[in-house]
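Notes for the one structure printed next.
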Amino acid sequence: MTSTTIQTRAVVITGAGDVDVLTIAERAMHGPGPGEILVRVSAAGVNRADLLQRRGLYPAPPGAPADVPGLEYAGHVEALGDGVIDWKIGDRVMGIVAGGGMSTHVVVHAREAIPVPRGMSIEDAAAIPEVFLTTWDALFLQAEMRAGQVVLVHAAGSGIGTAAIQLARAVSAIPVGTSRTREKLERCKALGLAHAIEVPPKTEPAFAAALEREVGRGADVILDSVGASYLDENVRALATKGTIVVIGMLGGVNGSLPMAVLLARRARVIGTVLRARALEEKATLARIFAREAVPLFERGVLKPVVGDVMPMERIADAHRAMERDETFGKIVMRW
């Protein structure tokens, strides 16, 4: 189709601040260009990055809406740009975007879209893209996770954490999780968590010794969405030749490394993010995920963990719940 103007509704950030800066407004957007598809979004997951963007701490990259949050979507194809042959109107799709996912419509490149697993609700599908693509990339493509390895997952009850536990179990690795609450760790055991480490809030992280007691050795892979405040202890919790993959900075942006320990461990520290990657990188990851992960959802090996589904009009409530750490798994917003 020729690119046209589409009227859409979206969550809009009216300025940096608390949840009262969130509103829903009418917006205009361009229709799909060559190689793109227009998706009618039915549901979208909430992510920590949305909260940071609302506070003015995580601006959208160039090309993404500066004032519309949302890093993922699930819905159906409503229109095709010229040259698109892999999708047809009505196909159920999901995927990640650099921003603007909290809108009734998104335009994405056809090669970035992923089919919704057969038999899955659109709300469950909306809980998949950001956390499972992030963890798949971090654990398999960055850390090269494999069977028998000890995998330490911080914030185990989060969307990222619940995804990582399942992916580790799927390849017979040994997932160990940390959380600030015992209740979340108990719920994680139902997903396959092998060992649980409680890290009380407002205390210095001290999980390296606990990991040694629980497992008898350090971690081969550490998946860290906390960042700076955990960096020192992460290095001390590593096994020889272990890998830390940092995917978030909830605990701050500036940390210190115990260099002597890092060198003695012969360790790797990798930082990675999906949001600002080039189209080809995202398209390649989408193809890998569609080929290797979607069948695992269809067979029940993997499952999205949805803590709550809310109408989009309650987006402020969703942000409050995440800020209070009241969630387990994902919050999904529905149009």
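Counting in numbering that gives the first Met the number 0, the sequence shown runs from 0 upward without gaps. Where a beta carbon is used, it is the ideal one built from N, C-alpha and C, also for glycine. Keep in mind that this is a model prediction, so the values were computed, not measured.
Subject >> P339 versus A154 - alpha carbon distance >> reply: The question about residue 339 has no answer here: the residues shown for the chain are numbered 0 through 334.
Subject >> the stretch 161–181 touching the stretch 249–263, judged by at least three CB pairs closer than 8 Å >> reply: Touching, no, given that fewer than three Cβ pairs across the two stretches are closer than 8 Å.
Original post:
Using DSSP with H/G/I as helix, E/B as strand and the rest coil, what is H153?
Top reply: Here DSSP, grouped into helix, strand and coil, assigns H153 to coil.
Subject >> Distance CB(V268)-CB(I243) smaller than 9 Å >> reply: Going by C-beta atoms, V268 is nearer than 9 Å to I243.
Subject >> Per DSSP, the bridge partner or partners of K329 >> reply: V305.
Original post:
In the structure shown, what three-state DSSP assignment does K281 receive?
Top reply: It is helical.
Original post:
Exposed or buried, which one is T161 when buried takes at least 16 other CB atoms within 10 Å?
Top reply: Classified as buried, T161 has 16 or more neighbouring CB atoms from the shown chains inside 10 Å of its CB.
Subject >> Backbone secondary structure at Q148 - three-state DSSP >> reply: Of the three classes helix, strand and coil, the one that applies to Q148 here is coil, per DSSP.
Subject >> Contact between the stretch 142–152 and the stretch 217–233 (3+ Cβ pairs under 8 Å) >> reply: Taking 8 Å as the limit for Cβ pairs, the verdict is that the stretch 217–233 does touch the stretch 142–152.
Subject >> Rounded straight-line distance, which links the Cα of K201 to that of A172 >> reply: Roughly 30 Å between the two C-alpha positions.
Subject >> Spatial neighbours of A238 in its chain, beta-carbon cut-off 8 Å, leaving aside the 5 residues before and after >> reply: Excluding residues up to 5 positions away in sequence, V149, R216, G217, A218, D219 and R264 lie with their Cβ nearer than 8 Å to the Cβ of A238 in the same chain.
Original post:
Since V115 contacts M93 with CB under 8 Å, what's their CB separation in whole angstroms?
Top reply: With 8 Å as the limit, V115 and M93 qualify as a contact, their Cβ atoms being about 5 Å apart.
Original post:
So the alpha helix (DSSP H) V258 belongs to, where does it begin and stop?
Top reply: Residue identity check: residue 258 is Met in the sequence provided, not Val. For M258, the enclosing alpha helix (DSSP H) covers residues M258 to R264.
Subject >> Nearest neighbour of R319, chosen from Q6, D19, A9 and T4 [CA to CA] >> reply: Residue D19 holds the alpha-carbon nearest to the alpha-carbon of R319 among Q6, D19, A9 and T4.
Original post:
By the 10 Å Cβ neighbour count, where 16 or more other Cβ atoms means buried, how is S255 classified, buried or exposed?
Top reply: Under this definition S255 is an exposed residue.
Original post:
DSSP state of M321, grouped into three classes?
Top reply: Assigned with DSSP and collapsed to three states, M321 falls in helix.
**OP:** Identify whether R39 lies in helix, strand or coil by the three-state DSSP scheme.
**Re:** Correct three-state label for R39: strand.
Original post:
Would DSSP call I346 helix, strand or coil?
Top reply: There is no way to answer for residue 346, as the model of the chain reaches only from 0 to 334.
**OP:** Using alpha carbons as the reference points, say which of V300, D324 and A205 lies closest to G306.
**Re:** Looking only at V300, D324 and A205, the smallest Cα-Cα distance to G306 is reached by D324.
**OP:** Would you mind reading off the limits of the beta strand (DSSP E) that contains I159?
**Re:** Taken as a continuous stretch (DSSP letters only), I159 belongs to no beta strand (DSSP E), being part of the alpha helix (DSSP H) at G158 to A169.
**OP:** Check whether the Cβ atoms of N253 and V130 lie closer than 9 Å to each other.
**Re:** Judged by beta-carbon spacing, V130 lies beyond the 9 Å limit of N253, meaning their Cβ atoms are not closer than that value.
**OP:** Tell me G254's beta-bridge partners as DSSP assigns them.
**Re:** G254 is bridged by DSSP to nothing; it lacks a bridge partner.
Original post:
At what residues does the alpha helix (DSSP H) containing A227 begin and finish?
Top reply: Its alpha helix (DSSP H) spans residues A227 to R235.
Subject >> Limits of the beta strand (DSSP E) - the one that L341 falls within >> reply: Outside the modelled stretch of the chain, which goes from 0 to 334, sits residue 341, for which no answer is possible.
**OP:** Can you give me the start and stop residues for the beta strand (DSSP E) that R91 sits inside?
**Re:** That run of the beta strand (DSSP E) goes R91 to I95.
Original post:
How many Å lie between I330 and V40 at the Cα?
Top reply: About 16 Å.
Original post:
Who are the Cβ neighbours of L132 in its own chain at under 7 Å, not counting the five residues just before and after it?
Top reply: Around L132: I95, L273, L284 and F288.
Subject >> Span of the beta strand (DSSP E), counted from its first residue to its last, around E211 >> reply: Unbroken run through E211 is the alpha helix (DSSP H), F206 to V214; no beta strand (DSSP E).
Original post:
Between which two residues does the alpha helix (DSSP H) harbouring Q52 extend?
Top reply: Note, Q52: alpha helix (DSSP H), R47 to R53.
**OP:** Could you work out which residue in V107, L51 and P33 is closest to L278 when comparing CA atoms only?
**Re:** Residue V107 is the option with its Cα nearest to L278.
Original post:
On the three-state DSSP scale, how would you describe R267?
Top reply: In this structure, R267 counts as strand in the three-state DSSP scheme.
Original post:
Just the Cα atoms here: how many angstroms apart are G99 and M28?
Top reply: For G99 and M28, the distance between alpha carbons rounds to 11 Å.
Subject >> Buried versus exposed call for M321 [16 or more other C-beta atoms within 10 Å across all chains shown] >> reply: By the neighbour-count rule (16 or more Cβ atoms within 10 Å), M321 is buried.
Subject >> Inter-residue CB distance, I121 and A73 (contact presumed, cutoff 8 Å) >> reply: Approximately 5 Å separates the beta-carbon atoms of I121 and A73; this is inside 8 Å, confirming the contact.
Original post:
Which of the three DSSP states, helix, strand or coil, is assigned to T13?
Top reply: T13: coil per DSSP, three-state reduction.
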